[in-house]
Structures are given as structure tokens and as C-alpha cells.
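Quick notes on the structure that follows.
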Amino acid sequence: MPQRITNNFAFSFNENYVVIFGGMLKKDEKFIPREEQKVYELQDRVHVLKTKNLTWKDLKPFPFKKKLGQVVYNNHGKFFCFVVESNKELPQLFVYDVRASFPQFNKYWEHYINQKQSMQ
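Residue numbering for the sequence shown follows the working numbering, starting at 669 and increasing by one per position.
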């Protein structure tokens, strides 16, 4: 996994996968000008950890590099990401569809729905 520092959100849907959103990465100190105070940068990457063999998969990134205030899963393969804007009073909403960028999750989701419907 990339060296994440803070502000990341993790979700686990089953025992096989963990999805991790956002985060802040410490910049390489060799390339930071002395007068610059920001040593961390926001990340727009989304990663999935496969727990069986501990491998990481890099998913489709966010279309922005902004701080996530909160991430809520809607139980249908989509995440509601509330983006914190410095000049806005309320956070802006962005929807991230994990099923579109991670086909393994889509297979899991279809299996989960079929199981749920057969129990009813």
C-alpha cells in the first residue's frame, strides 16, 4: 500500500476485499522547497486490498484532489463522498461507483443480491 498518513476511509464488504479511499501522503523532502510549508499532499487514489494473498489493486481515481469529510456506503455498490471545500459552508457530494471500476466487487454484489432474494 502507498504510504498513507491520515484521512483515509476503509470499507470491508466480505472477508476477501477491503476498499480504501483518499488519504494524505508525505511529500518527498528532497523536492519540497524550503519556503513551502505543506509537506503532505492529498491523494485521489482508491485502493483495494485482497486479503487472501495481501495484494493491492489500484482502482479508478477520484476526479479531484480534495479532502474527504465523510464517506458513506449506500449498500448498492456506490459510495457517497462528502468533499470538504475551503470556501463552502456545506460539503459537496460526489458519488463513487465501485462496481464500475472493480468487476470483482460487481460479481460479489450480484451473488449477494441473489442470496438475499432467495431467502425471501
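Note that CB positions come from ideal geometry on N, CA and C, so glycine has one too.
These numbers come from a predicted model, not from an experiment.
- prompt: H803: which of E778, K775, Y780, V766 sits nearest, CA to CA?
  reply: In the structure as shown, the chain begins at 669 and stops at 788. Residue 803 is therefore absent and cannot be evaluated.
query: Exposed or buried, V687, counting other C-beta atoms within 10 Å across all chains shown (16 or more means buried)?
result: It counts as buried.
Span of the beta strand (DSSP E), counted from its first residue to its last, around N676: Per DSSP, N676 belongs to the beta strand (DSSP E) from 676-680.
query: Taking Cβ to Cβ, would you say V763 is nearer than 8 Å to K734?
result: Between V763 and K734, the C-beta gap is not smaller than 8 Å, which leaves the two residues out of contact.
- request: Quick one: residues in its chain with C-beta nearer than 7 Å to the C-beta of F770, no 5 flanking neighbours on either side, listed in chain order?
  value: Scanning its chain for C-beta atoms nearer than 7 Å, with the 5 sequence neighbours on each side dropped, one finds around F770 the residues V716, L727, in chain order.
query: Would L722 be called buried (16 or more neighbouring beta carbons within 10 Å of its own) or exposed?
result: L722 comes out exposed.
task: Measure from the alpha carbon of K746 to the alpha carbon of each residue in K784, F689, Q785, then state which is nearest.
output: Nearest to K746 by C-alpha distance, out of K784, F689, Q785, is F689.
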